[in-house]
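K.L.:
Numbering-wise (UniProt numbering), the sequence shown opens with residue 1 and increments by one.
Where is the CB? At the ideal position from N, CA and C, for every residue including glycine.
Input: one structure, supplied below.
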Amino acid sequence: MKQVEDLLNSVRGTNMKISIPQTLIEEEYKSRSASLEKRFGGKEKVEEYFKQIGEEKTKEFMDDIKKAA
């Protein structure tokens with residue numbers, strides 16, 4: 001992932017516009033969400049964790065996942 005970011009940054013430096021397909025971002029988001037569920041031991045456990053941390057922290061958490069994707 002770091003290599004891809006470095007490549008994109010170097011290409012951006014030459015004033016080229018780069019478009020990443022939304023479907024690629026969505027698939028990465030789904031993959032990261034599935035990984036989270038696997039680490040927590042299921043969707044129910046993830047939802048339980050989100051209830052514990054509150055709505056605002058949950059939104060920030062999910063936004064961070066989207067940004068990383």
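With C-beta atoms as the reference, is Ile25 less than 9 Å away from Lys66?
P.N.:
Yes; because the gap between Cβ atoms is below 9 Å, this pair is in contact.
K.L.:
Starting from the C-beta of Lys43, find all residues in its chain whose C-beta is less than 7 Å away, skip the five residues before and the five after it, and write them out in chain order.
P.N.:
Excluding positions up to five away in sequence, the list reads Glu37.
K.L.:
Over the uninterrupted alpha helix (DSSP H) stretch that includes Met62, give me the two end residues.
P.N.:
Looking at the DSSP string, the run of the alpha helix (DSSP H) that includes Met62 is 55-68.
K.L.:
Considering just the uninterrupted stretch of the alpha helix (DSSP H) at Ile25, what are its terminal residues?
P.N.:
Segment 22-40, the alpha helix (DSSP H) holding Ile25.
K.L.:
On the DSSP letters alone, give me the boundaries of the alpha helix (DSSP H) that Ser10 sits inside.
P.N.:
2-12 is the extent of the alpha helix (DSSP H) around Ser10.
K.L.:
Cα separation between Gln52 and Lys45?
P.N.:
Distance between the alpha carbons of Gln52 and Lys45 is about 11 Å.
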